[in-house]
Structure formats: structure tokens, C-alpha cells
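Peer 1: Please read through the structure below; I'll follow up with questions.
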Amino acid sequence: MNARLLIAIISIVALVSLGAKALQETLTEEEFDATMKEVGLTLGDTEGHIGARYWPETEEDGRRLQSMFQQVEAFWKAREVEEAAAIAADAVAAARAITAAAGENNHDGAQSAFGDLRGTCATCHRSYREQTDEGYRIKPRE
Ligand code: HEC
2 MNARLLIAII SIVALVSLGA KALQETLTEE EFDATMKEVG LTLGDTEGHI
52 GARYWPETEE DGRRLQSMFQ QVEAFWKARE VEEAAAIAAD AVAAARAITA
102 AAGENNHDGA QSAFGDLRGT CATCHRSYRE QTDEGYRIKP RE
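Heads up: take any position in the sequence shown, counting from 1, add 1, and you land on the working numbering.
In C-alpha cells, the structure reads:
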């Protein structure tokens, strides 16, 4: 392996771990709400992109969803709500599977991963989201 390549690899690894650090900053409740709105919009884009077989766009959607759900997972972990964190981890895995299937131009795989991802929304909302007159909020703990 030549030295320049090695240096490039080391720099990439360093950058990626810096990025991971930034993600560890836990979301505030306000940021959580904004993230959910963004998740909702991105999910709509993803469905359209899979339907149209726009694979590079679908790969990017999957990456964005993965990163948002990693933050959602960290949010619940910080509150020690392990069950919600586990649902978010399933969402991370499903988002990653969308990106992987899109990378292989695999329509059935992308649709099945999309179905898995959508399943996590309802599972979490049923237990941890509450509707109020002003919109949705995190369900207060008993
Ligand atoms: C691990 C838990 C969890 C998962 C998984 C999850 N959500 Fe949420 N979501 C919440 C909670 C809690 C709220 C209410 C808090 C809020 O809106 O601030 C919420 C609120 C929302 C809202 C309402 C935002 C608003 O105030 O208008 C949307 C839209 C939304 N989620 C979309 C999604 C979609 C789409 C998915 C799946 C791809 C998803 N969520 C997966 C927990 C989750």
C-alpha cells in the first residue's frame, strides 16, 4: 500500500470519528420535534424515489434517515427508555438496508426495507407519542 493512500485512509477514519462525536450531542425536545418533521418529509421522498427507481437519491434518503434515527436512538438512551431506543435502532437498521438495496438497484429489497422502516414509526408512536390540541408531543411518563 502506498503512503499517500494510507494517509488518505487515516484522514477519512479521523473525519468519520469526528462526525460520530458530533452526533453524540443529544437532541433537545425541540430538536427532536424538528427531526421528526424532517423524518416525515424524508420518508415521503424515499417512497417516491423508490417508486421511480431513482437509486442515487434513494441511497441518500437512506443515509439521512439512518443519521436522524441514530440521533433519535441517542435521545432515548440518554433518557434511559431502552424500549424506545431499541425501536429507533431497528429504524437505523432498516434505513441502512434501504441504502444497501438502492446501491444494488434492488427494487424489492428497497421496498421491503421501506416497509420495515415504516413499521417502526407506528410502533414507537403508539407508546411514546401523544396528541394534544397543539399537535404531537412526547408522552409524559407515568
Ligand atoms: C423511537 C420512537 C419513534 C420512532 C421510531 C418514530 N417516531 Fe415519530 N415521533 C416520536 C415521538 C415521541 C413524537 C412526538 C414528539 C414530537 O412531535 O415532538 C413523534 C412525532 C412525529 C411526527 C409529528 C411531528 C409534529 O409535531 O408535527 C411525525 C411527522 C413523525 N413523528 C414521523 C415519524 C415517521 C415517519 C417515523 C418512521 C419513519 C417515525 N416518526 C418514527 C417518536 C418516534
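Think of the CB as a built atom: it goes at the ideal place given N, C-alpha and C, for glycine as much as any other residue.
These numbers were taken from a predicted model, which means no experiment stands behind them.
1) Tell me the rounded alpha-carbon separation between residue 8 and residue 135.
2) Quick one: is residue 211 buried, meaning 16 or more other Cβ sit within 10 Å of its Cβ, or exposed?
3) Can you list, in chain order, the residues of its chain whose CB lies under 7 Å from that of residue 103, leaving out five sequence neighbours each side?
4) Pick helix, strand or coil for residue 54, following the three-state DSSP scheme.
5) Please tell me whether, using a cut-off of 8 Å, the distance from the CB of residue 108 to the nearest non-hydrogen atom of the ligand HEC is below it.
6) Would you report the Cα separation of residue 76 and residue 86, rounded to the nearest angstrom?
7) Kindly indicate the opening and closing residues of the alpha helix (DSSP H) around residue 100.
8) Under 8 Å: does the beta carbon of residue 28 sit that close to some heavy atom of the ligand HEC?
9) Just the C-alpha distance for residue 115 and residue 48, rounded to the nearest angstrom, thanks.
10) Go ahead and label residue 39 buried or exposed: buried means 16 or more other beta carbons lie within 10 angstroms of its beta carbon, across all protein chains shown.
11) Can you look up residue 127 in the DSSP assignment and give me helix, strand or coil?
12) DSSP three-state label for residue 5, please.
13) Between the Cα of residue 108 and the Cα atoms of 31, 36 and 52, which residue gives the shortest distance?
Peer 2: This is what the structure gives:
1) One alpha carbon belongs to residue 8, the other to residue 135, and they sit about 53 Å apart.
2) Residue numbering for the chain in the displayed model covers 2 to 143; residue 211 lies beyond these limits and cannot be assessed.
3) Cβ neighbours of residue 103 within its own chain (closer than 7 Å, five residues either side excluded): 56, 59, 60, 63 and 111.
4) If DSSP states are grouped into helix, strand and coil, residue 54 belongs with coil.
5) Checking the Cβ of residue 108 against the ligand HEC gives no.
6) If I take the Cα positions, the gap works out to 8 Å.
7) For residue 100, the enclosing alpha helix (DSSP H) covers residues 83-104.
8) In this structure, the C-beta of residue 28 stays at least 8 Å away from each heavy atom of the ligand HEC.
9) Near 8 Å, if we compare the C-alpha coordinates of residue 48 and residue 115.
10) Taking every protein chain shown into account, the CB of residue 39 has fewer than 16 other CB atoms within 10 angstroms, so this residue is exposed.
11) Collapsing the DSSP output to three states places residue 127 in a helix.
12) Assigned with DSSP and collapsed to three states, residue 5 falls in helix.
13) Taking residue 108 as reference, the option from 31, 36 and 52 with the minimal CA-CA separation is 52.
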